[in-house]
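K.L.:
Here the sequence shown stands for residues 6 to 111, where the numbers follow my numbering. Think of the CB as a built atom: it goes at the ideal place given N, C-alpha and C, for glycine as much as any other residue. These numbers come from a predicted model, not from an experiment.
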Amino acid sequence: MTESEYHELADALMLTIEEQIDDCDADLDYESASGILEIIFPDKSKIVINKQAPLHQVWVATKFNGHHFELRGEQWIDNRSGAEFWQFMSDAASKQANTPIEWQHD
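(1) For A97, count neighbouring C-beta atoms within 10 Å of its own C-beta (all shown protein chains included) and say buried if the count is 16 or more, exposed if not.
(2) For F3, does the three-state DSSP call read helix, strand or coil?
(3) Considering only residues of the same chain and omitting the five flanking positions on each side of T7, which have a CB-CB separation below 8 Å?
(4) So which of F46, D48 and H73 has the shortest CA-CA distance to N55?
(5) Using a Cβ-Cβ cutoff of less than 7 Å, which residues in the same chain neighbour D83 once the five nearest sequence positions on both sides are dropped?
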């Protein structure tokens with residue numbers, strides 16, 4: 006994967022989440038700047054997603070733990086647990102918000 010392909014894919018991943026936050030039933034907010042997306046929950050906790058360009062990874066920090074995702078084929082996969090990004094994010098956000106949240110990949 007080239008550097009520009011990585012940035013295009015990682016940016017699209019973050020933009021997809023940003024777009025869904027506005028439509029989410031949970032009272033979520035977000036801040037986005039310089040390859041970092043912070044999802045802010047009603048209790049003021051956050052999930053932080055940030056690009057790690059030198060590694061071609063996307064890192065996700067929740068209030069419970071951190072994960073490093075890398076593109077394998079068509080999916081972003083956690084290099085430790087093997088979790089798929091969209092399912093992981095749905096589970097993590099639901100746990101952190103104490104309400105079901107489902108993120109959809111376009």
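P.N.:
Walking through what the data contain:
(1) buried
(2) The first residue shown for the chain is 6 and the last is 111, placing residue 3 beyond what the model contains.
(3) Cβ within range, chain order: n/a, list empty.
(4) H73
(5) H72, H73, F74 and F93
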